[in-house]
Every structure is written in structure tokens, then in C-alpha cells.
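Protein chains in written order, with this note's numbering: chain A, 1 to 251; chain B, 1 to 426. Before any comments, here is the structure.
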Amino acid sequence: MRVLGLDIGSRSVDAVWLEDGRIVDWAVADSGFDPGSAAAVFVERNAHDAIVSTGYGRHGARERFGGTAVTEITAYGVGAARLFPHAFSVLDIGGQDTKVISLGPGGKVTDFEMNDKCAAGTGKFLEVMARALGFSLEEMAEQGIAASTGVSISSMCTVFAESEVTGLVHRGEDRARIARGLHESIAKRTLSSLKRVNARGPLVFAGGVAKNPAMVALISEGFEGDVLVPEEAQTVGALGAALSLGAAAHQ
Amino acid sequence: MSDQPVDYHPMWAELGLDLPTHDALLGAVGQLFGDAYLTQENRPQGMDYLNFVMSEVHGLRIKELDDYRKSGGKVFGTFCLYVPEEIIRAAAGWCVGLCAGAEFAYDQVEQIMPRNTCSLIKSFMGFKLAKVCPYIESADLVIGETTCDGKKKAYELLGDMHNVYVMELPQMKRDVDMAMWRDEIRDLMAKVEEVTGNTITAESLKASIKEVNDKRRALQRIAATRAADPAPISGKDALLATQVAFYDDVPRFTQMMNALADELEARVAAGEGVAPKGAKRILITGTPMALPNWKLHDIIEKAGAVVVGEEMCTGSRYYQDLVSEDASTLDEMVSDIAEKYLDINCACFTPNQGRLEDVVRMAKELGADGVIDYSLQFCGLYEMEANAVEKTVRDAGFPVLKITTDYSMEDVGQLATRIEAFLEML
Ligand code: SF4
Ligand code: SF4
Chain A
1 MRVLGLDIGS RSVDAVWLED GRIVDWAVAD SGFDPGSAAA VFVERNAHDA
51 IVSTGYGRHG ARERFGGTAV TEITAYGVGA ARLFPHAFSV LDIGGQDTKV
101 ISLGPGGKVT DFEMNDKCAA GTGKFLEVMA RALGFSLEEM AEQGIAASTG
151 VSISSMCTVF AESEVTGLVH RGEDRARIAR GLHESIAKRT LSSLKRVNAR
201 GPLVFAGGVA KNPAMVALIS EGFEGDVLVP EEAQTVGALG AALSLGAAAH
251 Q
Chain B
1 MSDQPVDYHP MWAELGLDLP THDALLGAVG QLFGDAYLTQ ENRPQGMDYL
51 NFVMSEVHGL RIKELDDYRK SGGKVFGTFC LYVPEEIIRA AAGWCVGLCA
101 GAEFAYDQVE QIMPRNTCSL IKSFMGFKLA KVCPYIESAD LVIGETTCDG
151 KKKAYELLGD MHNVYVMELP QMKRDVDMAM WRDEIRDLMA KVEEVTGNTI
201 TAESLKASIK EVNDKRRALQ RIAATRAADP APISGKDALL ATQVAFYDDV
251 PRFTQMMNAL ADELEARVAA GEGVAPKGAK RILITGTPMA LPNWKLHDII
301 EKAGAVVVGE EMCTGSRYYQ DLVSEDASTL DEMVSDIAEK YLDINCACFT
351 PNQGRLEDVV RMAKELGADG VIDYSLQFCG LYEMEANAVE KTVRDAGFPV
401 LKITTDYSME DVGQLATRIE AFLEML
């Protein structure tokens, strides 16, 4: 049986095709203005017997393509446990939200937390800050790693932090130190969220922001336990969605 | 009832409502009700009554209040569970709940109070400022209470626009507090007698105690059926019953709710339910949900679970305790009323251990799979207490999800994800 897992997120649409539990293909596209159409391309790309959708567009996708839907929380749990069978927790920092998940045996979710309404501490936050600093995202991460100390940033709110950063730049503060401070502030917030759900290592760090070396370094430094970054960090949700069908069938 | 739809606009105009704005509000509430309620399947027949009440929420009921006032009767508006309806009814006053559950005219509200005020307060103030609530405009006296700081100050502001009387509520439950609370109830009696021109007698108070108890008993019967799996009634419908209890005619409502309870008991006996047997069962605890706030229940039940109880003021706190019916003197009755009301477990009291015990007991009795703690944003009391609730409930072996939200619909998608993930986890 071939299952298509679709993760329709705010930044990207990811797909994973499983044939009897083995990954046979995967793909990633930008969500753009019309994530549904991006997903439709994937639905056409390979034959499949079932579809499971996840991500914020899961219900829309289920209506459009049929199949079932699971939340990102469940999907990330299952996906991470497949890639790293010893994992006990997952951190996913995506475009607009952050999730921390504590796992039991077999990737079963035992506790989780998601950030509230705003973009504080997400990929979006980093994008806005990079723009305020005049860096690309990659440059900001490189500079952040290079700086030995960071400027402390007091606002977590994207809007306030942006003006704080602009103010610091105007005062002549070193942009690399600001870059480090920004990453540090997200890491701090993320680490306390991990504590609240009693996350134990190994921790799987997934989602778009897991590609940011500065964030990976800071989380690894602050977390008690191993931090593992899957090679295709973005497709963990789609993989988990596809796998969750099997998990449900076994229940 | 005639088939001809009645035009209530003249009545609303007479009450001083802003007609175009009010029409818009009614339209929005009607649509919300349609989306949340009329899309449900397999509802008990007894809900027809509540559907009807909702369709006439600013119509027929207001007309009844209007007629009553024109015949010399008085109407009292209240915001909080601690204001004893028995006292008001013993002087032939009618009681209506004024809490509001929709975001309205916040721009005007924020000119007179801070943005970071809870939705409940902002909402009733918005309804007042925009002149769209026929209940408050029908109230001869609004009775406030010193529960949280926000409400205390809001009553001062409301006092500039309306006739307001405020009861002093203790914040602890010691003997001195009880003594003071009894005096407060006596003062309220005097006030209600003054406004109505009627004297409260042992006889009239005994009758009103019985009458309000009967209303609570009917709601207790409905609540008890929700322990069955499958649940015979949706959480949304049960919530609506409690919401309507705050302003409907007491004997009629009691009769209709007993009929609904009969039906639900029969459903339970027949193993009939609204959600399939085995659907995830959720207990909600937290701040009250005033009409038309159905946001959380709607998300939970649209995700396939069923809400089996509400430990909140629009829930068990409203009906779980009765006033003793044994007293024969007025003094004894006042003591009994004081005692029953001080037993309510609201977060404005310290300590509030009773609430934690209630939540755990209800979760067990109702066979809940998980508990959702619901706090209105900027309600310091319930947001603070949420941590104690989380810990206690978790220690008792139930998974908990803590939610802080407001009346806006912006976060519905996000909440749905968290709630669905919570359900998948159970
Ligand atoms: S939550 Fe407390 S203050 Fe609010 S209505 Fe209930 S008893 Fe009154
Ligand atoms: S929800 Fe909290 S802040 Fe709002 S009125 Fe009730 S007790 Fe006060």
C-alpha cells in the first residue's frame, strides 16, 4: 500500500510517499499564496492508495483530496520516532509556530506545548529581524555564531523586538552581537518551554528553523541531552502523517 | 403564539436601544447560533425549547419583562453567581443575568478602560455603551459585587450610566466572613424591598428558595445524565441550558428542563447518545461562558469529542448546591442562603481548595478522558489558579490542557490544532 503524507504549513508544503512503510519519494515546495495548489501538484505526482494530511491546512486538504487528517503534534511525534527510535522529545520551530512535544514509547505524545497567537520565537520572527539587521537569514546565523557574546534583547514580541533592533543598530551596536542576542532570546524561550513539558533527550529538532546552525548550536548547548537534527528536517511532519495511518490501523 | 412574526422594533426603541447596531448584533448572534447549534445532529427534542428561547432572546423574553414592569414589577440585573436570586424573587423581583459573551464595541470600551481587561467585562461594557443589550436596559437595578478588581472598577463606570448597587463579597470563608456576608444579604433584602415596594416574608422567601432549588435540581438531573457513555446531550446544548437559566422565567424553565431531563434519562436507558460510544470525553473548568460564548465547546465537539461537564459558573457551580429548605424563620433562611452562596468555589477566594476538589471529583464521576482549563485572557485570578488546577488534575491521573483565550475568533485555528492534538493524545 502506498500512502501519501502531506504537511501543509504556512511556509512550505511537504510530501512523503511511503510504500509499505518505506520512503519512496519526498518533495518540498513553498506554500506561496495558494498552498492548496502546491499540494495538488504533489497529489498528482505519484500514485497512492491513501492520503493523510497534517499542518494548518490539514482540514482543507482533507476536503479537497480526501483521506484523513492528523494534527502536526501527532505527526511530528510519529515522524521523529521513526527517524530516531530513541527520541524522547521533539522541538519543531516552523514559520509561524513553535511546538515542543514530549514522547513516550513508539512516539506517542505524552505532553506538548504550542506558542500562542503571535509569531514570537518562530521562523517569522527571525525573518523580520534579519531584515531589520540588513542580513539574509543565513548571514544572520553565521554572524550570530561568530559573535562571542550577544546583546540581550528584551522584547519577544516581533513588533517590539523589531523596533528594539532598529534602535540598537542606530546606536551603533555591533550587528553580529545583535544577531547572536536574537538567537539567544529564542533559544531561551524554547528551552523553558521544553522544561515545562519535561522533555528528555534525545531531542529531535525539526522544522524549517532546524536548518539554522546558530539555533541548533544554542539549543544543543542549553539542552540536557542529545539534540538530533534530521537531514530533511522539513519533512518530518509529512512522514509522520503518512506513518500515522499505519499506527491507527494497528490500534 | 400567532404565526405572524412580531416586530419588536418599537419595544427596542422604547428601551433606548440603538436599532441599526442592535439589528446587526442580532443577525450575528443568529448566525453564530446556526453554525454552532443547528448543525448538530441527533439533538434531544427537548432542545427545541431552548432553540425557541434563543430565537426570541431579545424578543419574547424582553416583552415579558416589559409587560411585567408595566404592571409594576421590577427587574434586577446581576453579573455574578454570588447574588442570591432567592432574595430578589422573594420580593417579587425578576432576575436576569447580564454577563455578555461576545466582542462588541471594544473601541468605545477601550476609551474608558484598559485594553488588558478581560473579555467578560469589556463585553458587558461594550453592550452598554453601544446600547444593544435590552436586558440591561430593562433592569431597574443592576446588582454588582466586589469579586475581582476589574469588575469592582467597572461597576463604578457603569454607575455613571445606570442604577447600580454593589454587594461587598468577602474573599475568605472564615466565620467573620460569613457573619459579614449574612449582613450583606440582609442589606440586599432591604434594598430589594425598597426598589420593589414589597416586603420579604418568611413565607415568600421559603417559596422562592424552593422555586430556585427546583430550577437547580432540574439542571442537576441533566448534568447527571452526562456521565453516561454515550453522552445523551452535547456539551454545547447542556451549556446553553445553564446559560438560559440565568434569565428565563423560573417555573417555566424548570418545567421544560425537567422534561428535557426525562428525555435524557430515557436516552441513557436506551443507550442512545449524541456522539458515538467511546468518543473522547472532556471536562472543562474555568471562567464562566456567557451567552453567546460557545467558542471552546464548538471547537472541541467539532473535533469529534464530547464535553461532559463544566466546572464553572455557567455549569456545576451554578447548580450543584441547594439552599436548605428546612428553615422556618426569616433569620434561619438568610443564614442558609448565606451558607449556600459562600460555598461557591470561585477563584476570587483564597484559598480555593474546594474548586480543585470539585474538578477532580467531577472528572471521576463523569468519566472524563481529559480536562481542559479555560481562562479568559487578563483574568488574573483564573489564569493564576490554572497552575494549581493543572497540577492537581494531573496528579489525580487526568491529562490537562490549559487554554487562555478571549472572545475573538482570531485564534480559532490555533486552538483547534491544540485541542485536536490533545484529543489525539488521550
Ligand atoms: S467566576 Fe467568580 S466572579 Fe465570575 S461570576 Fe463566577 S463567582 Fe462571580
Ligand atoms: S473573568 Fe476574571 S477578570 Fe473577568 S470578570 Fe470574571 S473574575 Fe473578573
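For every residue, glycine included, the Cβ atom is placed at its ideal position computed from N, Cα and C.
Where residue i falls, given that 16 or more other Cβ within 10 Å makes a residue buried
i                      : result
residue 171 of chain A : exposed
residue 297 of chain B : buried
residue 154 of chain A : exposed
residue 157 of chain A : exposed
residue 93 of chain B  : buried
residue 140 of chain A : buried
residue 132 of chain A : buried
residue 291 of chain B : buried
residue 233 of chain B : buried
residue 19 of chain B  : exposed
residue 394 of chain B : exposed
residue 89 of chain B  : buried
residue 209 of chain B : buried
residue 234 of chain A : buried
residue 384 of chain B : exposed
residue 251 of chain A : For residue 251 of chain A, the predicted model reports a pLDDT of 35, less than 50, meaning its position is unreliable and no value from the coordinates is stated.
residue 161 of chain B : exposed
residue 271 of chain B : exposed
residue 9 of chain B   : exposed
residue 329 of chain B : exposed
residue 145 of chain A : buried
residue 3 of chain A   : buried
residue 86 of chain A  : exposed
residue 403 of chain B : buried
residue 241 of chain B : buried
residue 176 of chain B : exposed
residue 185 of chain A : buried
Chain B residues whose Cβ lies nearer than 9 Å to that of residue i
i                     : result
residue 13 of chain A : Neighbours of residue 13 of chain A on chain B: none; closest Cβ ~17 Å, over 9 Å.
residue 74 of chain A : 420, 421, 424, 425
Neighbouring residues, chain B, relative to residue i (Cβ below 7 Å)
i                     : result
residue 70 of chain A : 424
Within chain A, the residues that residue i reaches when beta carbons sit closer than 7 Å
i                      : result
residue 418 of chain B : 114
Identity of the residues DSSP links to residue i by a beta bridge
i                      : result
residue 12 of chain A  : A:30
residue 285 of chain B : B:311, B:373
residue 164 of chain B : B:142
residue 54 of chain A  : A:7
residue 206 of chain A : A:92
residue 98 of chain A  : A:93
residue 23 of chain A  : A:18
residue 74 of chain B  : B:93
residue 113 of chain A : A:100
residue 404 of chain B : B:375
residue 2 of chain A   : A:19
residue 68 of chain A  : A:52
residue 228 of chain A : A:204
residue 306 of chain B : B:281
8 Å contact criterion, which residue i and residue j should meet: CB distance rounded
i                      : j                      : result
residue 195 of chain B : residue 140 of chain B : 6 Å
residue 265 of chain B : residue 225 of chain B : 6 Å
residue 309 of chain B : residue 223 of chain B : 7 Å
residue 168 of chain B : residue 146 of chain B : 5 Å
residue 147 of chain A : residue 176 of chain A : 4 Å
residue 74 of chain A  : residue 193 of chain A : Not confirmed; about 18 Å, so no contact.
residue 236 of chain B : residue 301 of chain B : 6 Å
residue 360 of chain B : residue 396 of chain B : 5 Å
residue 185 of chain B : residue 338 of chain B : 5 Å
residue 430 of chain B : residue 287 of chain B : No answer is possible for residue 430 of chain B: the residues shown for chain B start at 1 and end at 426.
Where the segment 397-416 of chain B meets chain A: residues whose CB sits under 7 Å from a CB there: 410, 411, 413, 414
Which residues, taken in chain order from the segment 88-109 of chain A, show a beta carbon closer than 7 Å to some beta carbon of chain B? 109
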